[in-house]
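Single-structure report; data block below.
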Amino acid sequence: MTMRLSMKKLLLLAMVMCGLGAWFATQASKQTIPNLSTSYIFDNPRGLAPFALRDQYGNKFDNQDLQDKWSLFFIGFTSCPDICPTTLNKLSAAYPQLQQIAPNLQVVFVSADPKRDTQAKMLDYINFFNKDFKAITADHAQLFPFSRDLGFTYAMVGDDANYQVDHSASYVLVSPQGEKFAVFKTQQQPGKAPQIINAQLISDFERIVRFQQG
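Its first residue numbered 2, the sequence shown is counted upward by one per residue in this note's numbering.
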């Protein structure tokens with residue numbers, strides 16, 4: 002009787018030890034989320050819903066264009082008086098260093114003003130800042146769910162031909178698996194418009210890429 006109880010205890014102890022071993026192995030394999038300055042990584046990266054837009058050359062831009070590339074998205078419009086040109090200038094300045102971290106990076110400007118932002122206008126606009134960048138748009142029926150899926154918002158302000166577009170100022174990073182992976186948020190500085198500091202963008206991007214690659 003005593004021997005049977007001892008055997009049961011030994012088996013139970015062995016099962017507990019195996020379970021603890023598996024738990025510790027799982028915990029050890031988990032990566033620690035890096036300390037980031039201006040961004041955060043989504044807990045559960047997910048793929049974007051099917052979409053089909055057009056780029057500055059009139060070519061289709063869809064989910065397949067996200068595969069095997071890091072894609073850094075931001076939203077705006079070519080008639081934007083301040084945020085968009087500032088953002089494009091800053092991204093163009095940061096682009097060489099970002100490419101050193103991930104040569105497969107593409108920067109994508111999403112126009113929220115398809116009525117005025119024709120293919121030709123987007124081409125001239127994006128080429129002024131950086132010919133390697135992409136500019137994409139579509140009618141609102143396709144553009145709105147796509148931008149919302151990325152986490153962007155936009156709204157038309159004004160009724161005449163000189164209307165403005167209110168829009169998000171953050172960047173969204175999509176992984177080479179086509180999953181929304183991280184977001185870069187603007188920071189408020191005294192006396193300045195909210196912006197994303199290039200040094201923080203570059204540093205965070207490097208940490209995010211390393212984290213994603215394991």
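C-beta atoms are modelled at their ideal positions from N, C-alpha and C, and glycine is treated no differently.
Chain-order list of residues whose beta-carbon lies under 6 Å from that of residue i (same chain, five-residue window excluded)
i      : result
Ile197 : Thr39, Phe185, Thr187
Tyr172 : Leu73, Phe75, Phe185
Under 8 Å between C-beta atoms of residue i and residue j
i      : j      : result
Asp140 : Tyr155 : no
Phe78  : Asp118 : yes
Gln120 : Ala53  : no
Val216 : Leu67  : The requested residue 216 is not part of the displayed model; the chain covers only 2 to 215.
Ala103 : Asn199 : no
Val109 : Tyr96  : no
Leu124 : Gln190 : no
Phe212 : Pro35  : yes
Pro177 : Asp83  : no
Ala162 : Tyr41  : no
Phe43  : Ile137 : no
Leu106 : Gln100 : yes
Residue burial classification, residue i (beta-carbon count within 10 angstroms, cutoff 16)
i      : result
Lys116 : exposed
Gly22  : Here Gly22 scores only 49 on pLDDT, less than 50, and its place in the model should not be relied on; the value that follows carries that caveat. Looking at its Cβ environment, which holds fewer than 16 other Cβ atoms inside 10 Å, Gly22 is exposed.
Gly215 : exposed
Asp114 : buried
Own chain, CB closer than 8 Å to residue i, minus 5 neighbours either side, in chain order
i     : result
Arg90 : Here residue 90 turns out to be Asn, not Arg, going by the sequence shown. For Asn90, where only same-chain residues beyond five positions count, the Cβ hits under 8 Å are Phe130.
Ser51 : Sequence inspection shows Pro at residue 51; the Ser mentioned does not correspond to that position. Excluding sequence neighbours, Pro51 sits near Asp63, Asn64.
Spatially closest choice to residue i from the options, by CA coordinates
i      : options                       : result
Ser148 : Asp133, Lys132, Ser169, Ile84 : Ser169
Gln65  : Tyr58, Ile209, Leu49, Ser80   : Leu49
Tyr164 : Ile127, Phe43, Ser80, Pro35   : Ser80
Tyr126 : Thr88, Leu151, Asp63          : Thr88
Cβ-Cβ separation, residue j to residue i (assumed contact under 8 Å), whole Å
i      : j     : result
Val181 : Pro46 : Going by the sequence as given, residue 181 is Lys instead of Val. The pair is a contact, with the Cβ atoms about 6 Å apart (cut-off 8 Å).
Heavy atom of the ligand ADP within 7 Å of residue i beta-carbon
i     : result
Gly48 : The ligand ADP is not among the ligands present in this structure, which contains no ligands whatsoever.
Contacting residues, own chain, Cβ-Cβ under 7 Å from residue i (five flanking each side not counted)
i      : result
Leu223 : With the chain covering only 2 through 215, there is no way to say anything about residue 223.
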